[in-house]
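**Student:**
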Amino acid sequence: MKLQFANFVPNRQYPSTLLCQMRWSKNIHEERDAPEQIVLGSMDPKMCALLNLAVYIETSTNVSNSEFIYGHPKDGNRVVRRFLGDIITNTAFKNMKTGKLGTHSFRKGAATYASRCGMSKVFVNRRGRWRTRKGVVDVYIDNTQPYPDACTAAALAGPLGPCFYVRKHGIDCVSPTLLVDQIAPTIKQVMGEAVATTLAMLLLWAVMEPSDNYTYELIPDRLKQKIIGAYVNSGGSESLNPIDRVGLFVMGDGSQLNLITIDTQDSATDVNRRGIIAGSSTGGEGSCREFAALHSQYAAVQRLVSELMSEMQRSRHENQRELQKIQAILKRVMMQPAVRLDAPSHVVVYPEKRVARLSKRPKDLFELWHEFQFGNGGLKPAKDFTPVERGANKFAFSRRKVFWDIVATLICSGYTSDTAIDKIYAVYGRQLPVSSILTALRADRRQGGHASLRL
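Under our numbering, the first residue of the sequence shown carries the number 14, and numbering increases by one thereafter.
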């Protein structure tokens, strides 16, 4: 099994998980056929891929001499066969059928289990990296699908379900230096600090977990004593496990993946264990975890609403204090003695007179239209000119009136002023000066107007 250390990278979105890109297999022919897949922790230590990977790396000798997790690529298959033999010969492995047991792939059992847990064939194929391409459209669909992959990974985490390993609040002795340099130094050497920080949390949880909770050994005694000594030297207590497991539920929409933490992890675990004892492989277990996830989301929404209401109350109190200050200031101003002068009733306010004169050289048609509507430089708008004022500006007014009439007509037809001016520019060109455009408009008016400006 040619699995390299470089195939594992930290998951920035969910730090308690890892991303793995498996190397090529016999049914993978293109680079894009090997997607990044999420690796989740499990509430069942025997089924926890992250915990078992961390224990294997820290307890294996000379593991850092090769870039492959299981040693030299030519020896990888031999190592895997040895592990498979140890599993089958173990007393915990029950032979359900008589006769010899054979399999051509490790993925056979996982695929069967995922299917029995309710996963569709599409989800199983994506997790198992089997080629199912049948149409041209599949070439253009990204092979990395976080939500289907995480759903199958959660099912493969076992009946107890997947989980996060998080540090408990108020415990400051668990520092990054302790995790990567003393608990998981070998993992740091071969996989980097980010991955070592994630896997060291699992190792610390395993060594601090009371041995009475499980009927089997979670971690070898030699590694356990080493980690406990490092943790105690950093100021930790042997009677308290600084790491907690939080159950999670996979939710998503399309390619958006959401891992929802389940607050009621203890009750959910107890229900799951009772289901296992009763012989239920799936049954109401998924529904129980789904309801627990919904309850967790509901509690999170309640917390957000409570925080929002508190913020609104605080804002309201601050506004009330400010209003009270303003009212007090206004009352003091009103109480001050002062002489109030009323404006004489005979005063008449005359409207401001504006000079009726046209600008000499408008820069563009937009300025020319502004002159007609509002006036330029404080002058009177051309539309408000009296007959006498138009006569005083007869030459300029008559030359510009043809443009003003066309824009006014277009506006009445539903155009805006800017759109109407752009339409005129599109006909005569923006490179022409205003005087040339006015000359062309007057010439076209004698012929009935330009065809593009007729309505």
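The beta carbon of each residue, even a glycine, is placed where N, CA and C say it ideally should be.
Given the structure is predicted, the values throughout are model-derived calculations rather than measurements.
1. In this structure, what does DSSP give as the bridge partners for residue 54?
2. Hey, how far is the Cα of residue 239 from the Cα of residue 111?
3. According to the neighbour-count rule (16 or more other Cβ atoms, all chains shown, within 10 Å of its Cβ), is residue 456 buried or exposed?
4. Apply the 10 Å Cβ neighbour rule to residue 61 and answer buried if 16 or more other Cβ atoms are within range, or exposed otherwise.
5. Helix, strand or coil for residue 220, going by three-state DSSP, please let me know.
6. Going by the beta-carbon positions, is the gap between residue 56 and residue 173 smaller than 8 Å?
7. On the three-state DSSP scale, how would you describe residue 429?
8. Tell me whether residue 381 sits in a helix, a strand or coil according to DSSP, three-state version.
9. Using the Cβ count rule (16 or more neighbours within 10 Å means buried), how would you classify residue 30?
10. What would DSSP say about residue 258, mapped onto helix, strand or coil?
11. Let me know the secondary structure DSSP gives residue 375 once reduced to three states.
12. Whole angstroms is fine: what's the gap from residue 237's alpha carbon to residue 168's?
13. Indicate whether the contact test is met: 3 or more Cβ pairs, each with one atom in the region 178-195 and one in the region 205-212, closer than 8 Å.
14. With DSSP as the reference, label residue 207 as helix, strand or coil.
15. Check whether the region 76-83 touches the region 218-238, counting contact only when three or more Cβ pairs, one atom from each stretch, lie closer than 8 Å.
16. In the structure shown, what three-state DSSP assignment does residue 284 receive?
17. According to DSSP, simplified to helix, strand and coil, what is residue 291?
18. Helix, strand or coil: which one does DSSP assign to residue 437?
19. Which runs of the alpha helix (DSSP H), 4 residues or longer, sit entirely within the region 71-104?
20. Within a Cβ cutoff of 7 Å, which residues of the same chain sit near residue 430, ignoring the five residues on either side of it in sequence?
21. So, for residue 394: in the same chain, excluding its five sequence neighbours on each side, which residues have a beta-carbon less than 7 Å away from its beta-carbon?
22. Sorted by chain position, which residues of the same chain lie with C-beta nearer than 8 Å to residue 279's C-beta, five sequence neighbours on each side aside?
23. Apart from the five residues on each side of it in sequence, which residues of its chain come closer than 7 Å, Cβ to Cβ, to residue 409?
24. Output the distance between the C-alpha atoms of residue 321 and residue 308, rounded to the nearest integer angstrom.
25. Which whole-angstrom value describes the C-beta separation of residue 256 and residue 214, a residue pair presumed to lie in contact below a C-beta threshold of 8 Å?
26. What does the alpha-carbon distance come out to for the pair residue 436 and residue 377?
27. Measure the alpha-carbon distance for residue 198 versus residue 328 and round it to whole angstroms.
**Tutor:** Put simply:
1. BP columns for residue 54 point to 176.
2. C-alpha separation (whole angstroms): 44 Å.
3. Classification of residue 456: exposed, given that the 10 Å Cβ count is below 16.
4. Its Cβ being crowded by 16 or more others within 10 Å, residue 61 is buried.
5. Three-state DSSP puts residue 220 in a helix.
6. Closer than 8 Å, so yes.
7. Residue state, collapsed to three classes: coil.
8. If DSSP states are grouped into helix, strand and coil, residue 381 belongs with the helices.
9. Per the 10 Å Cβ criterion, buried.
10. Strand.
11. Residue 375: coil per DSSP, three-state reduction.
12. Rounded to whole angstroms, residue 237 to residue 168 spans 29 Å at the Cα level.
13. These segments touch.
14. DSSP places residue 207 in helix when its eight states are reduced to three.
15. With the cut-off at 8 Å, the region 76-83 and the region 218-238 do not touch.
16. Bear in mind that the predicted position of residue 284 carries a pLDDT of just 39, short of 50, making it unreliable; the figure below should be weighed with that in mind. Assignment of residue 284 by DSSP, reduced to helix, strand and coil, places it in the helix class.
17. Because residue 291 carries a pLDDT of 34, less than 50, the predicted location of this residue cannot be relied on, and the following value inherits that uncertainty. Assigned with DSSP and collapsed to three states, residue 291 falls in coil, not helix or strand.
18. The answer is helix: DSSP assigns residue 437 an H, G or I state.
19. Those alpha helix (DSSP H) runs which fall completely within the region 71-104 and span 4+ residues are 86-102.
20. Around residue 430, the same chain offers 382, 420, 424 as residues with beta carbons nearer than 7 Å, after the five sequence neighbours per side are excluded.
21. Taken in chain order, the residues that qualify are 385, 386, 387, 388.
22. Annotation note: pLDDT 48 at residue 279 (below 50); position unreliable, coordinate value reported separately. So no residue of the chain qualifies.
23. Closer than 7 Å at the Cβ level, and outside the excluded window around residue 409, lie 371.
24. The alpha-carbon atoms of residue 321 and residue 308 are separated by roughly 20 Å.
25. Indeed they touch by this definition, with Cβ atoms about 6 Å apart.
26. Roughly 14 Å between the two C-alpha positions.
27. If I take the Cα positions, the gap works out to 50 Å.
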